[in-house]
Structure formats: structure tokens, C-alpha cells
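In UniProt numbering, the protein residues as written are 1 to 317.
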Amino acid sequence: MSSVPHGWYALLRSSRLPRDEVVPLHYFGRALIAFRGTDGSPAVRDAYCPHYGAHLGAGGKVVDGTVECPFHGWRFGADGRCTHAPFAARPPKVSIGGFLVREHSGLIFVHTGPAAPAWEVPEIPETTSRQFTRPIDDVNTARIHIQEMRENIVDESHFHFIHGQSEPPVQNLVTDGPFAEVRGRIQRRILRWDIDNTFDVFMYGPGVMVVRVHGALLSLTAVALTNPIDDRTSELRMLYYVRKPARLPFLAPILKLAFRTQAFGEVREEIGIWDHKIHQARPVLLPHEKGIKALRRWYAQFYRETPGSESEISVSP
Numbered sequence: 001m002s003s004v005p006h007g008w009y010a011l012l013r014s015s016r017l018p019r020d021e022v023v024p025l026h027y028f029g030r031a032l033i034a035f036r037g038t039d040g041s042p043a044v045r046d047a048y049c050p051h052y053g054a055h056l057g058a059g060g061k062v063v064d065g066t067v068e069c070p071f072h073g074w075r076f077g078a079d080g081r082c083t084h085a086p087f088a089a090r091p092p093k094v095s096i097g098g099f100l101v102r103e104h105s106g107l108i109f110v111h112t113g114p115a116a117p118a119w120e121v122p123e124i125p126e127t128t129s130r131q132f133t134r135p136i137d138d139v140n141t142a143r144i145h146i147q148e149m150r151e152n153i154v155d156e157s158h159f160h161f162i163h164g165q166s167e168p169p170v171q172n173l174v175t176d177g178p179f180a181e182v183r184g185r186i187q188r189r190i191l192r193w194d195i196d197n198t199f200d201v202f203m204y205g206p207g208v209m210v211v212r213v214h215g216a217l218l219s220l221t222a223v224a225l226t227n228p229i230d231d232r233t234s235e236l237r238m239l240y241y242v243r244k245p246a247r248l249p250f251l252a253p254i255l256k257l258a259f260r261t262q263a264f265g266e267v268r269e270e271i272g273i274w275d276h277k278i279h280q281a282r283p284v285l286l287p288h289e290k291g292i293k294a295l296r297r298w299y300a301q302f303y304r305e306t307p308g309s310e311s312e313i314s315v316s317p
């Protein structure tokens with residue numbers, strides 16, 4: 001069984017992939033590159049040249065919408081096929097592997113799995129709306145499987161001990177195939193402000209989650225992107241889009257600073273815990289802690305084989 005759940009993953013922001021650059025990446029236990037083809041569309045391919053093994057992202061460059069190997073000048077198009085090899089009568093019939101790619105909402109998504117995608121991640125309107133600030137971009141890595149990162153949103157009790165909520169929130173996970181929703185309420189004190197916000201969580205497969213927080217003082221949309229780096233390490237990228245106050249838009253930078261000051265500390269506290277925890281296939285749960293089991297049942301569909309256990313994580317020793 002693969003330890004990488006099948007579905008869509010946002011590996012990088014569109015703004016980080018200029019048209020004339022090769023960007024090295026490492027996800028799914030693979031060295032990868034990203035670049036833009038002749039029409040400007042992004043491509044994500046394997047990083048090593050099949051000719052002699054050079055890393056195309058270490059000194060490679062984009063030439064006419066192809067990536068050129070820094071060692072011997074072989075070139076590969078966005079579809080992976082070799083288009084040019086110096087001193088060859090015709091391009092060799094070789095390709096570099098890669099992924100199906102989509103680009104929207106300021107993100108570049110790739111699809112993993114043995115079959116063509118049966119669903120898509122919908123556009124996220126806040127990412128391009130002028131009613132929201134430019135995103136706060138926070139990236140962390142932890143020695144944890146991405147499924148457990150996702151389970152965090154339905155772990156009722158941790159909202160008290162990590163996020164300062166007086167009581168565990170009452171949540172209800174509603175699933176619809178590869179999509180799921182959770183709605184709840186956040187009541188806590190941040191700095192000198194009493195916060196009483198509702199939140200709506202929308203999950204799109206194993207790698208993309210959008211959390212919309214609504215409140216009188218602060219409203220924001222958090223885009224949570226969970227990506228497997230390898231079998232033991234995962235990446236969590238959080239993009240926070242703060243809604244500009246309609247009548248006082250100049251307060252937006254202050255709201256961003258206040259949120260950043262509070263949220264970053266809590267996220268890093270969770271990262272520190274994740275880095276040292278183990279996976280419990282059958283955790284001992286209290287009666288009110290229903291979210292983890294419910295999410296594991298939903299999440300199991302994203303693995304190639306789902307023999308019916310509540311957790312499908314494959315953990316390396």
C-alpha cells in the first residue's frame with residue numbers, strides 16, 4: 001500500500017515560478033523540477049536527466065519553453081519528452097516522468113494516483129479578491145504523516161490545550177465523496193480582545209483544506225496545504241488571507257500583525273508535538289472525541305487499498 005494518499009497537492013505558489021526559471025522541488029520521496037512551457041503553463045517533472053543523471057534543477061535553464069540539462073544540453077518539453085540532444089541526428093525517444101498539473105487560485109497543483117483524476121479542487125476566490133490582504137505565508141515541516149496533520153482539525157480536545165478554547169468545540173464532519181466539511185465555533189481571548197468566531201472547514205481530498213473564520217473583529221480564510229516530502233516527513237504550508245475591514249481598510253496590517261503574533265506560536269507548538277509523537281492506529285479516545293475516527297473513515301478512500309481499518313497510514317520503522 002502506498003503511504004502517499006491519492007489526490008491533488010499544491011506544491012508551490014504561482015508567483016514562485018517565473019516563466020524563465022527552473023525551480024527544484026522534493027516531494028513524494030522524489031527529486032522534482034517545475035518550469036513553464038512554451039504557453040506559460042506549469043510543468044512538474046522528475047529532476048534527473050535520463051542521459052547521464054544530472055539534476056535538471058541544479059544549473060538547468062529554460063530555453064524556448066523547454067528545460068535544458070546543465071551537463072550536456074539535452075532539452076525536455078513540458079510533456080517530459082526529449083526535444084533536443086546536441087550532436088544527435090534526431091532527439092532520443094526518452095522522457096522524464098511527471099504529474100498532471102492544474103493552476104488556479106495562485107497555486108500549482110499536481111495529481112498523484114494510479115488513475116486519471118475523478119474530481120478537481122475548486123477555485124478559492126479569496127486568493128484573488130481585493131477584499132482580502134496579500135497572504136501571510138507560513139511553511140513548516142514535521143516528522144509526521146500528512147493524514148495526522150489533517151486529523152488536527154477534528155481533534156476536539158486540542159483546541160483547549162493548544163488554542164485556548166475554554167471547552168472542546170462541538171463539530172460534525174459531513175462527507176461527500178472526496179470532499180468533507182466541518183463547522184464549529186471559536187471562543188477565546190487573543191491579546192486584549194475577546195474572540196467569538198464561527199468557522200467553516202472545506203476539505204478537498206488529502207492535500208487541500210480551506211478554513212473560513214467569520215467574526216465581528218477578524219475574518220480570514222486559511223488555506224492549509226499538506227504535502228508529503230518523503231515517507232517520514234511532511235510539509236504544512238498555511239496561507240492566511242485576512243479580510244480588510246470594509247470601513248477601515250487601513251487597519252488590515254494591524255490585524256495581520258496581531259493574528260501572525262498569536263497564530264505562529266500555536267502552529268509551532270503543534271509542529272514540536274508532531275515531531276515527537278508516534279502514530280496510534282487505535283487511540284484511546286474519550287466519549288466526546290469523535291472527530292478523529294470519522295475523519296479516518298473518510299480519509300481511507302485516498303489510498304489504493306482500503307482493507308477496512310480505521311487508519312491506513314503506512315509508517316516506516
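Just so you know, even glycine gets a beta-carbon here, dropped at the ideal spot from N, CA and C. Just so we're clear, the structure is a prediction, and the values are computed from it rather than from any experiment.
Exposure label - residue i; buried when at least 16 CB within 10 Å
i, result
"ARG16", "exposed"
"ALA58", "exposed"
"TRP74", "buried"
"GLY308", "Only weak support is given to the placement of GLY308: the predicted model assigns it a pLDDT of 41, under 50, and the question is left unresolved by the model."
"ASP10", "The question names Asp, yet the displayed sequence has Ala at residue 10. Its Cβ being crowded by 16 or more others within 10 Å, ALA10 is buried."
"SER234", "buried"
"ASN172", "exposed"
"ALA180", "buried"
"ALA246", "exposed"
"GLY77", "buried"
"GLU156", "buried"
"residue 356", "Because the chain in this structure spans residues 1 to 317, residue 356 falls outside the shown range and cannot be described."
"SER129", "exposed"
"PRO135", "buried"
"ALA88", "exposed"
C-alpha gap between residue i and residue j, whole angstroms
i, j, result
"VAL23", "LEU12", "10 Å"
"GLN301", "ARG102", "22 Å"
"ALA258", "ALA252", "10 Å"
"LEU285", "ALA224", "25 Å"
"ILE292", "VAL154", "6 Å"
"VAL94", "ALA31", "18 Å"
"TRP182", "GLY53", "Checking the displayed sequence, the identity of residue 182 turns out to be Val instead of Trp. Approximately 46 Å, taken between the alpha carbons."
"MET238", "ASP230", "19 Å"
"PHE161", "HIS26", "34 Å"
"TYR204", "GLY37", "27 Å"
"TRP274", "HIS84", "46 Å"
"VAL62", "PRO42", "12 Å"
"GLY98", "HIS72", "21 Å"
"ASP138", "ILE33", "22 Å"
"PRO287", "ALA294", "13 Å"
"HIS214", "ARG90", "60 Å"
"LYS256", "PRO125", "19 Å"
"VAL4", "LEU100", "16 Å"
"GLN280", "ARG232", "15 Å"
"ARG45", "THR66", "12 Å"
"GLU151", "TRP298", "11 Å"
"MET149", "LEU236", "8 Å"
Simplified DSSP state of residue i, which is helix, strand or coil
i, result
"ILE292", "helix"
"SER157", "coil"
"GLY98", "strand"
"VAL16", "The sequence shown places Arg at residue 16, rather than the Val named in the question. If DSSP states are grouped into helix, strand and coil, ARG16 belongs with the helices."
"ARG282", "coil"
"PHE71", "coil"
"VAL22", "coil"
"THR112", "strand"
"GLY205", "coil"
"GLY37", "coil"
"THR175", "strand"
CA nearest to the CA of residue i, picked from the options
i, options, result
"PRO70", "ARG143, CYS82, LEU56", "LEU56"
"ARG282", "ARG296, THR175, GLU68", "ARG296"
"GLY80", "ALA34, PHE87, ILE96, GLY7", "ILE96"
"GLY113", "PRO287, PHE28, ALA216, PHE250", "PHE28"
"LEU218", "CYS82, GLU123, GLN262", "GLN262"
"THR175", "ALA78, VAL211, PHE159, PHE202", "PHE202"
"GLY7", "PHE76, PHE132, PRO117", "PRO117"
"ARG268", "ASN140, PRO122, ALA34", "ASN140"
"ALA216", "ALA222, PHE199, PRO18", "PHE199"
"GLU123", "PHE109, GLU266, GLU151", "PHE109"
"residue 338", "GLN131, HIS51, ALA142", "In the structure as shown, the chain begins at 1 and stops at 317. Residue 338 is therefore absent and cannot be evaluated."
(request) Tell me the start and end of each unbroken beta strand (DSSP E) in the segment 223-264 that is at least 3 residues and wholly inside, in chain order. (result) Complete beta strand (DSSP E) runs here, min 3: 234-242.
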